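Colleague: Protein chains in written order, with my numbering: chain E, 85 to 896; chain H, 9 to 172. All residues carry an ideal CB built from backbone N, CA and C; glycine is no exception. None of the values given here were measured: they were computed from a predicted structure. Sharing a structure with you now.
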Amino acid sequence: MAVTTEPTQAQGTAVVGGTDPKIDAHAKATGQTVYADDIHLPRMLVGRLLRSPHRHAKLLSIDVSRAASLPGVHGVLTGEDLPIRYGIMPVAQDEHALALEKVRYHGEPVAAVAAIDEETAEEALRLIEVKYEELAPISSIADAMNPNLPLIDVERDRDGNGVGRQVNRKGTLEFGDVPGGFARADRTYEDLFFFEGNTHLPMEEHAAVAQWEPEPRGRLTLWSSTQVPHYLHRTLARVLELQPNRIRVIATPVGGGFGGKSDPFAHEICAARLAMVTGRPVKFTLTREEVFYAHRGRHPVLMRVRTGFKEDGTLTAMAFRTMLDGGAFGSYGPASVYYTGALQTVTYDIPTYKFEGVRVLTNKPPCGPKRGHGTPQPRFALECHLDKIAVDLGIDPIDLRLRNLIEPYSYSINHLRVTSCGLRECIEIVDEASGWRAKHGKLPYGRGVGFAVGSYLCGAGLPIYFNDMSQSEVQIKVDRGGGVTVYSMAIDIGQGSDHMLVTIVAEVLGLRPRDIALVAADTDLTPIDLGSYSSRVTFMAGNAAVQAAQRMRDKVFAAVSADLGVPVERLVARDGRIFDRDDPDIGMDWPAAVGVASVLHAPLVTAGSYKTPKLAGPYKGGGVGPSPAYSFTASVVELDCDPDTGVVEVDRVWIAHDIGKAINRVSVEGQVVGSVYMALGEALFEEQTFRRGYLKNPSILEYRSPTFLEMPEVETFLVETDDPEGPFGAKEVGQGPLLPVIPAVANAIYDAVGVRVDEVPISPDKVVKALQEQAKGNEPRVGPKAMPEYDYGEPVRVDPPDQLSLREVLAP
Amino acid sequence: MAVTPTSKQLVALNINGDDYELAITPSHTLLEVLREDAHLTGTKHGCEQGECGLCTVLIDGRPQFSCLTLAVEVHGSEIRTVEGLASGGELHPLQRAWGETGASQCGYCTSGMLMSAQALLERNPSPSRTEIREALAGNLCRCTGYQAIIEAVELAAVRMRGAA
């Protein structure tokens with residue numbers, strides 16, 4: 085191996101920041117990667133779910149006798165077989181694997197079968213006789229506010245009484261003197277926006293395989309395409325009434341998640357129970373139509389934003405009100421509500437702020453977390469609102485933002501600790517690269533540019549269920565041949581967590597990513613990671629990996645130091661060698677170093693862990709929004725809007741993202757471009773449409789998403805702010821870059837044709853309608869005109885945070 | 009025992025150069041036969057309705073959706089799947105480029121995308137960006153935004169032309 089000419093690691097990283105192919109790339113490109121549906125076990129049965137044909141109905145009876153006696157059928161389950169409620173959040177334990185008493189949405193699982201093959205399983209479903217009594221469905225936020233319609237939730241309190249409620253969760257918070265803030269304003273503004281629901285559409289349909297080892301050992305193994313093996317493990321223990329140590333969950337490589345595989349699902353629980361009752365392995369793979377019913381996607385959100393501004397463009401106050409259509413279950417909803425109010429404050433210095441949010445239940449597939457979880461909707465509203473204000477004040481939209489940016493190393497008004505922040509640089513880059521100043525307001529009619537910014541978490545500061553334990557742990561084992569194996573429960577959902585982990589360990593140990601073996605996402609073999617959600621894995625598992633690797637390096641360095649007589653502080657690990665930085669010829673290659681370390685410091689096993697600092701704000705609801713760091717993004721979109729047809733074609737997107745530090749530049753840029761893609765889909769086409777509460781478009785053909793032909797060129801810029809707490813300074817990239825693109829599209833349409841579509845998706849019919857209004861001399865706008873009446877109650881009043889000098893404490 | 013016992017039918021296929029003679033259920037698609045009878049699970053499915061492109065394989069050199077093709081229809085055909093791209097332990101130029109540009113994130117669309125790309129390069133060794141977009145427009149990807157895939161096809165095309 086060549087010896088590096090660089091004498092110390094301090095002068096730069098060897099593999100962090102590189103462009104190596106991901107370690108899983110070639111297995112994926114050769115068809116070797118084993119996803120959940122690729123698993124085949126001897127005697128395996130096929131599982132299928134019977135789903136409700138009704139939106140809202142009482143379950144009067146289920147007769148499975150004909151199905152159960154069909155030759156080839158080995159097991160049938162109904163709700164009574166799995167009576168224990170569960171839900172991803174401790175405050176929303178409102179689901180059953182199979183419906184009990186009533187069904188809440190068209191597509192809800194009602195019964196499950198396991199049979200010898202697919203045809204038999206399908207025939208068995210047809211033989212199950214279910215009697216329903218239909219109830220009036222709740223199909224919208226307005227319906228949910230109507231006291232004359234029946235309640236969806238039949239949850240019982242401790243005394244067994246019904247505590248039905250349509251309102252799933254509400255929050256009302258007030259930071260500082262909001263009336264005073266508005267009183268100081270020269271001008272106040274108010275706008276209403278609506279963001280329609282949409283779904284993840286992962287290319288892989290959810291799948292799970294269960295295997296049961298009979299008593300006395302009685303062990304369950306479940307393979308599943310899940311983003312949250314740990315929470316699934318906990319849910320299985322609860323619902324199946326099994327000790328956790330008798331359950332092994334293996335998350336298989338996830339063929340697309342985007343948040344849609346972050347809840348425990350009926351098919352996972354039914355696979356497990358059917359394997360237990362039949363004594364045979366059972367596989368469930370959802371059909372594409374079923375994936376649309378499993379959903380947990382973007383909440384439809386109705387929003388009202390009010391702000392106060394000085395004439396010079398200084399923000400004095402903001403009041404933000406949201407109503408979320410949650411669908412039929414709680415899911416992540418209690419957090420989703422607060423996320424619609426949490427991160428507006430992270431990009432701008434908002435002196436006083438009020439937030440009111442409510443989530444209602446409706447008879448539709450349950451909503452949950454989709455890329456950006458609860459923040460793309462308010463970001464769309466806020467950035468379009470600011471674009472309008474910029475016009476009114478006669479200030480360039482970019483300058484209006486620059487005037488109100490949050491300072492790095494400061495607290496937001498709602499007590500979020502902002503550390504590294506490259507938002508100003510991101511804005512300046514896209515301003516320059518896009519030629520904004522020469523284009524905005526100056527392009528020919530029909531062509532326009534739009535601008536917006538965004539920010540996202542680097543991991544939720546708090547775990548989903550309250551505990552004080554670490555949020556991620558990593559173990560490293562080195563064998564006598566020098567082989568390094570990393571163990572982590574982090575699951576790669578395509579975001580590149582596998583490669584991130586091996587790159588970090590390789591960097592610290594002076595090896596190459598492809599030299600490192602990885603065992604991931606297996607509750608028997610790997611130490612905790614809470615899951616691939618909230619953009620937490622690089623920050624949390626990455627930091628745990630840094631610590632484990634440094635401890636391994638310490639062990640090896642101590643042995644090499646003793647062997648060579650070189651002080652530890654002079655040793656460097658690089659390019660597969662451990663050597664004296666002052667005399668690189670003195671050293672030994674990695675396998676030899678491992679040889680001496682195996683004698684002196686056996687066993688060569690280390691571990692590291694990560695827990696966020698205490699970050700939660702001192703108020704109820706203060707657990708949503710805190711993160712150890714925030715990513716920042718700015719984007720300019722240039723597009724053509726045909727005034728005759730309303731069709732929008734995006735020509736180019738410039739996007740700059742504060743990544744902290746790119747662990748792998750190819751992966752980071754891929755996440756940025758992928759986020760732009762998903763944002764454009766949401767901005768222009770993607771929506772769940774319902775006809776009388778029935779999902780109209782549960783297929784890939786009808787649920788339109790961008791193809792190669794709609795995707796524009798994207799120019800990506802990375803800003804590296806070197807976060808003081810991120811692993812090698814890294815922050816998140818999987819979600820944040822989606823946020824500014826949707827409002828930037830809306831703002832560009834205004835720049836192109838002078839109309840506002842305050843509603844996503846911005847389909848051609850809405851553009852044409854707004855142009856027609858414009859032609860009639862009406863307000864050139866399409867969007868909501870009112871919010872339903874709702875009493876949000878008295879706010880929790882929170883004093884502004886003390887602006888400690890975070891810069892002195894944390895800045896590098 | 010299945011609920012609708014059907015007599016199996018023998019189908020001869022040459023898959024990636026190997027001759028197979030399989031006794032299959034006549035109603036089964038080529039996708040099902042590849043995955044369940046030939047155990048070639050590299051070919052994926054995302055809809056089984058001809059809408060996503062994931063199951064694309066080459067049938068006698070032409071890219072087709074294996075989910076819309078009955079296996080009995082292609083009796084005697086040559087089938088190429090993702091498992092047949094690499095040869096002699098060497099990655100195919102497309103596969104190598106795929107890794108370099110980051111054209112797989114979750115990887116679930118990769119097999120079908122590679123086969124569509126291979127078909128394109130066989131008939132057009134120097135495709136323009138527009139030609140790549142059009143040739144691959146029937147294959148969906150939710151992760152990459154397609155840009156890295158286009159770059160991978162371009163990179164592989166250059167190398168394959170150089171090698172030819």
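Since I334 (chain E) meets chain H, which of its residues come closer than 7 Å, beta carbon to beta carbon?
Modeller: Under the 7 Å cutoff, chain H gives no residues; its nearest Cβ is about 17 Å from I334 (chain E).
Colleague: Could you tell me whether the Cβ of Y28 (chain H) comes closer than 9 Å to any Cβ of chain E?
Modeller: no
Colleague: Starting from the Cα of L112 (chain H), find the closest Cα among E:G758, E:D664, E:T503 and E:T400 and give me that residue.
Modeller: The residue you asked about is not Leu; residue 112 (chain H) is Ser in the sequence shown. Among E:G758, E:D664, E:T503 and E:T400, the Cα nearest to that of S112 (chain H) belongs to E:G758.
Colleague: The beta strand (DSSP E) spanning N252 (chain E) covers which residue range?
Modeller: V251 to F259
Colleague: Which residues in chain E sit within 8 Å of V90 (chain H), going by Cβ to Cβ distance?
Modeller: A113, T114 and G115
Colleague: Let me check one thing: in DSSP terms, what residues is S556 (chain E) bridge-paired to?
Modeller: DSSP output for S556 (chain E) lists E:D613 and E:Y694 as bridge partner(s).
Colleague: What separation, rounded to the nearest whole angstrom, lies between the Cα atoms of Y28 (chain H) and V41 (chain H)?
Modeller: 11 Å
Colleague: Give, in chain order, every residue of the region 359-376 of chain E whose Cβ lies closer than 8 Å to some Cβ of chain H.
Modeller: When CB distances to chain H are screened at a threshold of 8 Å, the residues of the region 359-376 of chain E falling below it are T371 and R372, in chain order.
Colleague: What are the residues that DSSP puts in a beta bridge with G159 (chain E)?
Modeller: E:A198
Colleague: Pick out whichever of E:A574, E:G626, E:K639 and E:Q579 has its Cα sitting closest to the Cα of P611 (chain E).
Modeller: Per the Cα distances, E:A574.
Colleague: Give the interface partners of L122 (chain H) over in chain E, defined as CB-CB distance under 7 Å, in chain order.
Modeller: A113
Colleague: In angstroms, rounded to a whole number, what distance separates the CA positions of V87 (chain E) and D563 (chain E)?
Modeller: Low local confidence applies: a pLDDT of 32 at V87 (chain E) is under 50, so the model's placement there is unreliable, with the coordinate-based value given in what follows. Between V87 (chain E) and D563 (chain E), the C-alpha separation is close to 24 Å.
Colleague: In the DSSP assignment, the alpha helix (DSSP H) including N22 (chain H) goes from what residue to what residue?
Modeller: Element bounds for N22 (chain H): not the alpha helix (DSSP H) but the beta strand (DSSP E), Q17 to I23.
Colleague: Within the same chain, show all residues whose beta-carbon is closer than 7 Å to that of I225 (chain E), passing over the 5 residues directly before and after it, in chain order.
Modeller: Non-local beta-carbon contacts of I225 (chain E) in its own chain, meaning distances under 7 Å to residues more than five positions away in sequence, involve L386, M407, D409, V444 and P872 in chain order.
Colleague: Where do the N-terminal and C-terminal ends of the alpha helix (DSSP H) with T587 (chain E) fall, by residue?
Modeller: S581 to L593
Colleague: Tell me which residues share the same chain as T89 (chain E) and place their Cβ nearer than 8 Å to its Cβ, disregarding the 5 neighbours each side in the sequence.
Modeller: Here the model assigns T89 (chain E) a pLDDT of 33, short of 50, so the residue's position is not dependable, and the following value carries that caveat. Cβ neighbours of T89 (chain E) beyond the five flanking positions: none.
Colleague: Which ranges does the alpha helix (DSSP H) cover as unbroken runs of at least 4 residues, wholly within the region 384-450 of chain E, from first to last along the chain?
Modeller: 417-426 and 428-431
Colleague: Just reading off the beta strand (DSSP E) that L333 (chain E) is part of, what are its end residues?
Modeller: The residue asked about is misnamed: residue 333 (chain E) is Val in this sequence, not Leu. Segment I331 to A335, the beta strand (DSSP E) holding V333 (chain E).
Colleague: Please compile the residues from chain H whose C-beta is within a distance smaller than 8 Å of the C-beta of K345 (chain E).
Modeller: Going along chain H, no residue has its Cβ under 8 Å from K345 (chain E), so there is no contact; the nearest lies around 11 Å.
Colleague: Using only the alpha-carbon positions, how far apart do L144 (chain H) and M168 (chain H) sit?
Modeller: 19 Å
Colleague: What number of angstroms, rounded off, separates the C-alpha of T162 (chain E) from the C-alpha of K215 (chain E)?
Modeller: Straight-line Cα distance between these residues: approximately 13 Å.
Colleague: Return the residue from the list E:L768, E:R357, E:T429 and E:P174 that minimises the CA-CA distance to Y315 (chain E).
Modeller: E:P174
Colleague: On the criterion of 16 or more Cβ atoms from any shown chain inside 10 Å, does S15 (chain H) qualify as buried, or is it exposed?
Modeller: exposed
Colleague: Which runs of the beta strand (DSSP E) at least 3 residues long sit entirely within the region 102-139 of chain E? Give them in chain order.
Modeller: 129-135
Colleague: May I ask which residues mark the beginning and end of the beta strand (DSSP E) holding H741 (chain E)?
Modeller: V732 to D742
Colleague: What's the gap between the Cα of V603 (chain E) and the Cα of K850 (chain E)?
Modeller: 50 Å
Colleague: Would you mind sorting E185 (chain E) into buried or exposed? The rule is 16 or more other CB atoms within 10 Å of its CB.
Modeller: exposed
Colleague: Give a yes or no on whether the C-beta atoms belonging to G344 (chain E) and A378 (chain E) are separated by under 9 Å.
Modeller: Against a cut-off of 9 Å, the Cβ pair of A378 (chain E) and G344 (chain E) comes out as a contact.
Colleague: For N748 (chain E), write down the residues that DSSP places opposite it in a beta bridge.
Modeller: E:G102
Colleague: Tell me the residue span of the alpha helix (DSSP H) that contains A642 (chain E).
Modeller: From DSSP, the alpha helix (DSSP H) with A642 (chain E) extends over V621 to L648.
Colleague: Going by C-alpha to C-alpha distance, which of E:V798, E:G660, E:A632 and E:P885 sits closest to P811 (chain E)?
Modeller: E:A632
Colleague: If I measure Cβ to Cβ from I577 (chain E) and keep anything under 6 Å in the same chain, skipping five residues before and after, which residues do I get?
Modeller: Q311, V338, G341 and S616
Colleague: So, helix, strand or coil for D886 (chain E), using DSSP?
Modeller: coil
Colleague: By Cβ distance, which residues of its chain are closer than 6 Å to G156 (chain E), with the 5 residues on each side in sequence left out?
Modeller: A199, I200 and T204
Colleague: Can you tell which of E:E804, E:D261, E:G580 and E:A625 has the C-alpha that lies nearest to the C-alpha of S693 (chain E)?
Modeller: E:A625
Colleague: How about A120 (chain E) and T362 (chain E): are their beta carbons less than 9 Å apart?
Modeller: no
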